[in-house]
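Numbering (the numbering used here), first residue to last: 5 to 243.
No residue lacks a Cβ here, since even glycine has one placed at the ideal position from N, Cα and C.
Below: one structure, written as structure tokens.
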């Protein structure tokens, strides 16, 4: 996809305004999500800023995510994280729990956002006006483990349950964990494969990535992060 000379001029103006930190910039003429995504991917690649895309509903988020991911892949060295924060899409007084996938996606995005600067944040207008935890409180929901450092296995299990993980023997899916003596297996939503953590007393003795089907180790790790499965804690004290 190439810009016309007129569009290139407008693009240069928009890019320069963003770099200068202009608060309000008006742009019109783009109607399709694909065209908007292409323009945004080019702007992000040149400005290196975090761009927030606000949609009318959750339905548009997936289209934006797919298009942005595609156009980023076409531009060398422009691949940056795309975070999606969908709205709950339920009435707060309906007494219906949000869908588990929505909870997971929101928690993972907010967990990442509390520690890093992504290229894009995609969210709906309804989600934008929903109160969320502060970055520091969000970080407390997850766990960072380092080999040869102390972290009691009982405390780890308590934090996993509080942040939405489910105990399964053996684990098979993201968001599950299992315990066998001094070994805790857990599959974090930000990990491609599950992790096996071996403790010597309260010390993290070994961290290994393994295949969920074969149970065979893939490699040793020095440090891991376990993202929460929901954006709130639920312990007896909290209740």
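Please classify residue i as buried or exposed, where buried requires at least 16 neighbouring CB atoms within 10 angstroms.
i: residue 97; result: exposed
i: residue 25; result: exposed
i: residue 128; result: buried
i: residue 27; result: exposed
i: residue 227; result: exposed
i: residue 179; result: buried
i: residue 219; result: exposed
i: residue 74; result: exposed
Rounded to whole angstroms, how far is the Cβ of residue i from the Cβ of residue j, which I believe are closer than 8 Å?
i: residue 145; j: residue 131; result: Residue 145 to residue 131, Cβ: 18 Å. No contact.
i: residue 176; j: residue 231; result: Wrong, their Cβ atoms sit about 18 Å apart, outside the cutoff.
i: residue 86; j: residue 69; result: 6 Å
Grab the span of the beta strand (DSSP E) containing residue i for me, first residue to last.
i: residue 200; result: 199 to 204
i: residue 214; result: 207 to 214
i: residue 73; result: No beta strand (DSSP E) contains residue 73, which is instead part of the alpha helix (DSSP H) from 63 to 78.
Out of the options, point me to the one whose CA is closest to residue i's CA.
i: residue 114; options: 188, 194, 40, 28; result: 194
i: residue 126; options: 170, 164, 66, 39; result: 66
i: residue 121; options: 55, 201, 103; result: 55
Is the Cβ-Cβ distance between residue i and residue j less than 8 Å?
i: residue 93; j: residue 62; result: yes
i: residue 204; j: residue 190; result: no
i: residue 60; j: residue 37; result: no
i: residue 225; j: residue 188; result: no
i: residue 139; j: residue 118; result: yes
i: residue 34; j: residue 53; result: no
i: residue 223; j: residue 202; result: no
i: residue 84; j: residue 76; result: yes
Name the two residues that bound the continuous alpha helix (DSSP H) containing residue i.
i: residue 110; result: 104 to 117
i: residue 161; result: 157 to 166
i: residue 37; result: 37 to 51
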